[in-house]
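In the numbering used here, the protein residues as written are 1 to 451.
Backbone N, C-alpha and C define an ideal beta-carbon position, used for all residues, glycine too.
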């Protein structure tokens, strides 16, 4: 499951990132490298003991000569460059895979707004189109994610989950038998497109443009599913991963075997290899980050929560096309019906008396003794109290005084929609231009009476 911590880093004050490092175990660096670190430190102690207490002087002299050559070759490994480029490539691929995940919400909005009908057939069409869309995505996730594969090990399990019925599964299995070897995640999209075409023929979709929009959105959804499958088929070159892994482990093996030579005082023992352990944590953690991000649909802590996406998509799809179909709250006058507010209420903002008016810019700042941050607010004159005033100098009431203005719901008497301030200004501008044009034509006729 993806590790979220955004709410814990809302401010940079204090040791926020260090708290995440030492007090959050899931998805942390130490959880990734602690096993490798124990092995590394253990091998370090073994080499130290063998070099200091088991080998004789001749053997140590021979190893010192060998260690000097090892040290020269270790410097030739550009580990920082190799790991940096590798992690950058993997992170870009990781984010592109997330961007390729399709979401059925926009299709649900299009279907709900264009496919009409309150009868069972119309309702079934809307729900079935979105069920096919979600089925296509589930089939893709089954091919990519081990978690989804464990949840739905067989296609029959999708019947229990409500994504497909028995007749549809039999059609899918028949096509798989006739044309095996390819993923059939595109088939439910074809069913959805055909069902939308039938709705157009029945007159439930009013025009061809609405049908075209639905088909285009279905094709976009299918394209995103195909992009996810392409990421699964076309992986990073295996030799690239092997080079990076080999370079990292070789670097630390060479570092381990040359550590005893660095201690010039014979008989001394390095009990706490802190510096080399930190170096190991940095570089090995860098490699582990890339290994975690190579397959974001796996079982690691920071992999995508695909099962949650499946549940969310189906629930929201049915909610949009069924429960919320052709339904919205009453159309009411908003709180600021008679004007445009200069500022909006904000409980986190300090009292207006603490406003500092500035004539240099079109903003004045809010000062708070406990906070050094400033909040830009719309400009007002220095002689005017900074408070909630409209452009007509009318203070807004905190309680909305709205009236229903949608005649399809309820007819309200004595409701007059006055001309807005902008419309009045535009009308005055038109009248001014027209008067100038008339005066220009009059002056032209006076100067040229023969025209």
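Do you know how far the Cα of residue j is from the Cα of residue i?
| i | j | result |
| --- | --- | --- |
| residue 251 | residue 79 | 8 Å |
| residue 125 | residue 189 | 14 Å |
| residue 108 | residue 248 | 48 Å |
| residue 81 | residue 283 | 11 Å |
| residue 182 | residue 90 | 27 Å |
| residue 322 | residue 123 | 7 Å |
| residue 192 | residue 207 | 18 Å |
| residue 343 | residue 334 | 16 Å |
| residue 366 | residue 346 | The predicted model places residue 366 with a pLDDT of 46, which falls under 50 and marks its position as unreliable, so this point remains unresolved. |
| residue 160 | residue 314 | 14 Å |
| residue 83 | residue 287 | 7 Å |
| residue 458 | residue 214 | Because the chain here runs from 1 to 451, residue 458 falls outside it and cannot be looked at. |
| residue 310 | residue 100 | 15 Å |
| residue 236 | residue 61 | 45 Å |
| residue 52 | residue 35 | 26 Å |
| residue 212 | residue 179 | 29 Å |
| residue 434 | residue 427 | 11 Å |
| residue 318 | residue 162 | 12 Å |
How about residue i: is its C-beta nearer than 9 Å to some C-beta of chain B?
| i | result |
| --- | --- |
| residue 85 | No chain B is part of this structure, which consists of one protein chain only. |
Can you tell which of the options has the C-alpha that lies nearest to the C-alpha of residue i?
| i | options | result |
| --- | --- | --- |
| residue 146 | 330, 324 and 295 | 295 |
| residue 139 | 240, 85 and 154 | 154 |
| residue 184 | 137, 196, 197 and 157 | 137 |
| residue 86 | 131, 194, 432 and 292 | 292 |
| residue 195 | 28, 255, 308 and 130 | 130 |
| residue 307 | 176, 198 and 149 | 149 |
DSSP has residue i in a bridge; who is on the other side?
| i | result |
| --- | --- |
| residue 115 | 205 |
| residue 180 | None; residue 180 has no bridge partner. |
Using a 10 Å radius around the Cβ and a threshold of 16 neighbouring Cβ atoms, would you call residue i buried or exposed?
| i | result |
| --- | --- |
| residue 478 | Residue 478 falls outside the range modelled here, since the chain spans only 1 to 451, and no answer is possible. |
| residue 243 | exposed |
| residue 118 | exposed |
| residue 329 | exposed |
| residue 361 | The predicted model places residue 361 with a pLDDT of 46, which falls under 50 and marks its position as unreliable; any figure quoted below should be read in that light. Classification for residue 361: exposed. |
| residue 430 | exposed |
| residue 223 | exposed |
| residue 56 | exposed |
| residue 168 | buried |
Where do the ends of the alpha helix (DSSP H) carrying residue i lie?
| i | result |
| --- | --- |
| residue 279 | 274-294 |
| residue 55 | That residue, residue 55, is in no alpha helix (DSSP H); it is neither H nor E in DSSP. |
| residue 83 | 79-99 |
| residue 125 | 120-144 |
| residue 164 | Residue 164 -> no alpha helix (DSSP H), and no H or E assigned at all. |
| residue 236 | Note, residue 236: premise wrong, no alpha helix (DSSP H); not H, not E. |
| residue 309 | 306-318 |
Is any heavy atom in the ligand ATP found nearer than 8 Å to the beta carbon of residue i?
| i | result |
| --- | --- |
| residue 178 | As presented, the structure is devoid of all ligands, the ligand ATP included, so that no description of it is given. |
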